[in-house]
Each structure stands twice: as structure tokens, then as C-alpha cells.
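At position 18 of the sequence shown the residue is numbered 1472 (my numbering), and the sequence of numbers has no breaks. Where a beta carbon is used, it is the ideal one built from N, C-alpha and C, also for glycine.
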Amino acid sequence: MSSTPAQTVPLYAVVDGRSAALGPDEVVFYDPVLDRSHVMATPVVQALDLCREFQPLDVHVQRICERLPNMAGQQAAVKRVLENLVARGCLVTDDAFVRTLSDVPGVGRLSTAGIFIRACDRPEQLERLLASLIEHQARFSAPGTLVVVDDSKRPESVERHAALLATFARQWNDSTHHVTPSLWRNWAEAWSEQTGQGVALRRMLLGDASYRGPRGGGEGRNLITLLAAGGKYLLFDDDHLLPMRRHPGAQDLLAPPAMGWAPITFASMDEALAQGDECSSDPLALHLDLCGRRLGECLGEGRPVGFSAHNIRGLAPSREPLLRGESRILLTQHGHRGGSCSAGISWLFMLPEGARQGYAADSARYQALRGDVPVWFGTSHYVLDRSGRFPPLAIDNSRLMPCTSPYGRGEDALFNSLALASDAKAVQLHLPMSVGHKPEAGRDRSALFAAPHRPEVSSCLSDLVDELAPSLYGEHASKRFSVLSASMRDLIDASDSGLLSYLRTYFTHRRSLLVENLKRTASQATNACSEWQQDLRSQLEVNARAIVERGAPRFQGMAENATGQDCVERFRREVESLADGLDAWPAAWEVAIERQAKCLEQSRVTA
């Protein structure tokens, strides 16, 4: 989409329709918006296919005459055909498209459950985040109740968190709550007993005592979903940091992902954290305002997301299936600036050439930063999608939302996939701003350059859910979760050899895509330092070798001597646990709504 000045000539694009052949010479074209079918000659449909993007009519005419056989010199005849298609509604003007998109009924005001913070044995990080929230309140306002869900394993961390929150509560203009590990366990046990879903719900909220792999934040994510049931809320991790800052190239316009994604790398963490202007209006209020609304309510001149006939030249409605006025903004996303905290390193080689200059242009800088690259990862425009690997900021939790896996990492990506699968009209909206990300020191992942890509089980499940979601037709989230649960059970009901074959195929697919992208990067890289190029070659070699050797499909965190059977058993256990959790979740949701007020009172911090 272009941000050029207003067009004086109307733009036209083909509506997002479907076609089916009626033989070699005729095609039926169906317009779902007007619920109307049109029978056309095959060359006419071929001409329509060249009119996907919003362009002046004369541009479409010229393109058709250049690309279709026997059309050279037929501009006048082609223009008459296109004018007829405009009259029939098959070609829509830019003004009409924007009017239709924004002409949707508003959604009633949703309640706000507050701000939820996941904390785990990092008092210094939590202290910084709380201080930045007080600064945000001084400049704008308190976005609501604050709840810290404490997943700390060390008693001294819990005590330190309690002291920090007691001080914070005296300054915060709303209530403050501390969900200690003991409260967490008591609630999980009580809810499990009340729902009659003891084993499944305990595992979703308390984890699996027999699990020995890497820990993530899935249990805390699940507890927050239940504590916030019925409202929308904001989610932070304890190593996040305000203020929000706008992307250096920020434009308040909607853009397709290819244009909107704009990562940047830096020479230092401090440089990354300081990058961008602070928001002039309350960014947290903006995220909450957008969350839960229909997309059409938010688009247009004078609305939060800039979108008008003046800046959609080049947009192809048929290639933007999410751009619908009735789409529901289920999740909002911010970017991250500072530490990447990614579990992998292959994403570094997928960055555009300009984006990697901050860390890879010279050898000394690259050697110092290669294990933990300071980054701004996010968008410079508003961007829609239906998949995301990062935790959202604002979540519309007013209707049933899913649990996620309590095992390992990747819980946020899996939550996003399940949440977006719960509603066919749900979308995720990225905003051109970022939160600071300042984790504890020592996250050096440079050893991964010599290792093949290993996904988490949750990443595999996220991909599975994304693949299944388009085939779901149910109106209610609970029914959709039941179908997904049944599909997961069907998968793990395979024999050990069948499941091992499935996992090997999945690993080969992921690694093949990575190798293809790495080769493309290698062929285009022109000014990266030699050490960066060597790391790229190492990644190419180890992933290509892993594809050929087809060894045990070891997930992230598994031992080097883990067998194929070990991989199958881990996958089966984690998938079965998630399927059990999805089946138990609707009952847990109802119990949580019933007990919410009591839980919040029990966890209140007195000022």
C-alpha cells in the first residue's frame, strides 16, 4: 500500500471472488460480498485476474493488452469490457472498497481485567518494570488493576517480589495483587476438584512433575487466562520495560506484512533500548482500545489505523483475506527492542540486509554480539496476521480462550495459534511501537550456530493448529477446541513407527525451508563480515546434513543421545496433555469466572 497523496483518478481492483470453469470457453465468477454469480468468457476472467491491485483503469487496460495474447492494440475494446465489469460490480473503486470496509456496527464496550505480569525469580527485572509503570502512570494514567503471577522457585524471590509490590501499591492508582506460588497451588487444586477435571487441569496450571525438559511459562499463561476470564487485559513479562517507543520509520497506516515488518539490529543493548520516540499519547490505552473491536471500526481517516482511498494504490483485495470490516481484533502485538531472548539463532540470517548492519558489518562487533544480538523486532506500520510467535500485549479474553502447553518454551506461539483458531474472524494486529526487553545477562546462544534447527513440541503443535484452523467451521470456541483435541488424539494414536515417521517428516520440512532461505541469503549477502558468512555456512551445512541423515527428531532441550523412541514418547505425552487440557478448559473457564472476585481479594496487596 502506498502513502502517496490523494489520487485524482479513481482506482479499481477486482473483488475477492471465486471462479469455476464451465468448460473450455466459459467461467462462472462468484462475488461473495454481493452474493452474485457472473458467467463470463474465459478471456474476460483472465483479464480480471490481471486487475487484482488497485490501479487506474488505464493502467489495467495497458497491462491486459501487454500480457494477454491477441490483445495488442485493443485498448478501446478492453476498456469497454472493464467498464462493463465495473457496472456489474466485479471491479470495485477505491472509495467504495473503503466505505464497505469501514461500514460495520460497533462492538459494545468490554470490561478490562487489568495488567498481568509473569514473574519468575528475577526481582531486579520486576523492580525495573514496576518503576517504569509508575512513570507511565505519571505521564498518562494507570491502565487498571495490576496482578503479578509469581512462578518463582526460590522463597527469597517471592519475598523480594512481595516487598516490591507493597511499595508499588502505595503509588499505584488502582489495586495491586500478588499471586504467590502457594495461592496459585491452592486455587489450582480447588478448581480441579470443582470441575472434576483433576489430572488435566492440574497439569495445565501446575505442570508435570515428571517432566525434565526446559521450562517455559505455560502454567502461568494458563492461570492468567483464567484469572482474566470475561475481560480484556494487558500482558507483560517481568523483563519488559516501559516506555513504549515508536518505530523510527513508524507510519500510522495499515500495510501488508511484507511491507510492514521492519527489524533493526544495533551495536549495543542500550542503543536498542533508546531507539525511537516515546509515544505522545497513551500506548497502553491504544492497545486496549483496539483490542476486541471490529477492524472496520478502527480503519479510516480520523481513526486509530490510517486507511483511505488515498493510500491503497497497489493493494490487492484478493490477496488480503484478513482485510475485512467484520474481522475481530483478538490480539494486539507490540515489537520488542533490546534483547531478542529467542530460543534459536536461524532468524538472524533471515533479516533483510539493511537490518543486520547494526551487528554484522564488522568482525569485532559481530564477534561480541553474535550470541545475543540487540534488536528491534517488530513493524513500522500496522500489520494484520493470523499467526504470531511472540506474546501479545492486549488480549480479548471476553469469550472462551484456550490453554497452552505447560511444557518447555513456545507456549506463546501455541496460545496465539489456538486463540486465533477459536474464531474464524479473529485477527492479530501489530502496532508500530515496541516495549523494552532487558533480560538478565548471560544469554549467549552462539553454540547453536553449529547445531541443526530443533523446534519445540509447542512449535510443532502451533504449526499443526495453523494448518487445521481453515477447516474449522464451528461458531463456538469450545466446539473448535474439541475438534482440534480430537485431531491431536488421532495423531498420537498412530503406532510408534508411524509417529516417528511423522516427526521426521516435520523436521525435514522445517529444515528444508530453512536451508532454502539460508541459500537465498548467502547468494544475496554482499557486505556482511566473514565471521557472519562462516556462521551462515555452518548453519547451512549442519541443517543439510541433518536432512540427509534423518536421525532422531530431537526437540529443543533433548539430550544428544535421545533415541527416536524417546522423541516419540515426549511428543505423545505433551500432545495428550494439551488435548486433555483443551477438553477440560471450558469447565475451568466457568469456575474461574465464578471464583475470580474471591481470588483477587485473597491476593490483594495492602498499601
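The continuous alpha helix (DSSP H) containing Trp-1986 extends over residues 1984-2003. For Tyr-1687, the enclosing beta strand (DSSP E) begins and ends at 1686-1691. Per DSSP, the continuous alpha helix (DSSP H) segment holding Ile-1518 begins and ends at 1511-1521. Thr-1634 carries a coil assignment under DSSP once its states are collapsed to helix, strand and coil. Close CB contacts of Trp-1641 within its chain, under the 7 Å cut and outside five residues either way in sequence, are with Cys-2053 (chain order).
Only residues of its own chain outside the window of five on either side were considered, and among them Ala-1642, Glu-1643 and Ser-1646 have a CB closer than 8 Å to the CB of Arg-1656, listed in chain order.
Taking the C-beta atoms as reference points, Asn-1971 is found no nearer than 8 Å to His-1907. Beta-carbon to beta-carbon, Ser-1772 and Lys-1879 are separated by about 18 Å, too far to satisfy the 8 Å threshold. In the displayed model, Ser-1834 falls within coil according to three-state DSSP, outside both helix and strand.
Straight-line spacing of the CA atoms in Tyr-1836 and Gly-1746 works out to 16 Å. Taking 8 Å as the cut-off, the Cβ atoms of Phe-1803 and Thr-1975 count as close.
The C-beta distance from Ile-2047 to Gly-1684 rounds to 5 Å, short enough to fall under 8 Å.
If you keep only unbroken alpha helix (DSSP H) runs of at least 4 residues inside the stretch 1930-1984, you get 1931-1946 and 1950-1978. Residue pairing by DSSP places His-1891 opposite His-1694 and Gly-1792 in a beta bridge.
Under DSSP, Gln-1651 takes part in no beta bridge, so it has no partner. Cβ-Cβ separation between Leu-2036 and Leu-1938: approximately 6 Å, consistent with a contact (criterion under 8 Å).
Here His-1790 is not near Phe-1761, since their CB atoms are 8 Å or more apart. Taken through DSSP and simplified to helix, strand or coil, Leu-1769 comes out as coil. Residue environment: Gly-1952 is assigned as exposed (fewer than 16 neighbouring CB atoms within 10 Å of its CB, all protein chains considered).
Around the CB of Leu-1695, 16 or more other CB atoms lie within 10 Å, so the residue is classed as buried.
Under the three-state reduction of DSSP, Asp-1850 is assigned to strand. Taking the CA atoms as reference points, Ser-1913 sits about 13 Å from Arg-1965. The stretch 2017-2025 makes no contact with the stretch 1982-1995, as fewer than three CB pairs between them are under 8 Å. By the CB criterion at 8 Å, Leu-1587 and Leu-1618 fall outside the cutoff.
Cβ atoms of Lys-1892 and Gly-1793 come within 8 Å of each other, at about 7 Å. In the structure shown, Val-1499 falls within a helical segment according to DSSP collapsed to helix, strand and coil. Following the DSSP letters along the chain, one finds Ser-1925 in no beta strand (DSSP E), marked with neither H nor E. Contact check for Thr-1858 against Leu-1872 passes: the beta carbons are separated by less than 8 Å. Proximity to Leu-1868 across Asp-1485, Val-1911 and Ile-1849 peaks at Val-1911, based on C-alpha coordinates. Within the same chain, Cβ atoms closer than 6 Å to the Cβ of Pro-2007 are found at Leu-1957, Arg-1958, Phe-1961 and Cys-2021, the five residues on either side in sequence being excluded. If you draw a straight line from the Cα of Gly-1864 to the Cα of Arg-1819, it is about 30 Å long. For Glu-1480, the enclosing beta strand (DSSP E) covers residues 1480-1485. Taking one beta carbon from each stretch, the stretch 1701-1709 and the stretch 1884-1891 have 3 or more pairs nearer than 8 Å; the two touch. Asn-2015 and Ile-1678 have their C-alpha atoms roughly 36 Å apart. For Arg-1472, there is no enclosing alpha helix (DSSP H); the enclosing beta strand (DSSP E) covers residues 1472-1475. Counting other Cβ atoms within 10 Å of its Cβ, Leu-1769 reaches 16 or more and is therefore classed as buried.
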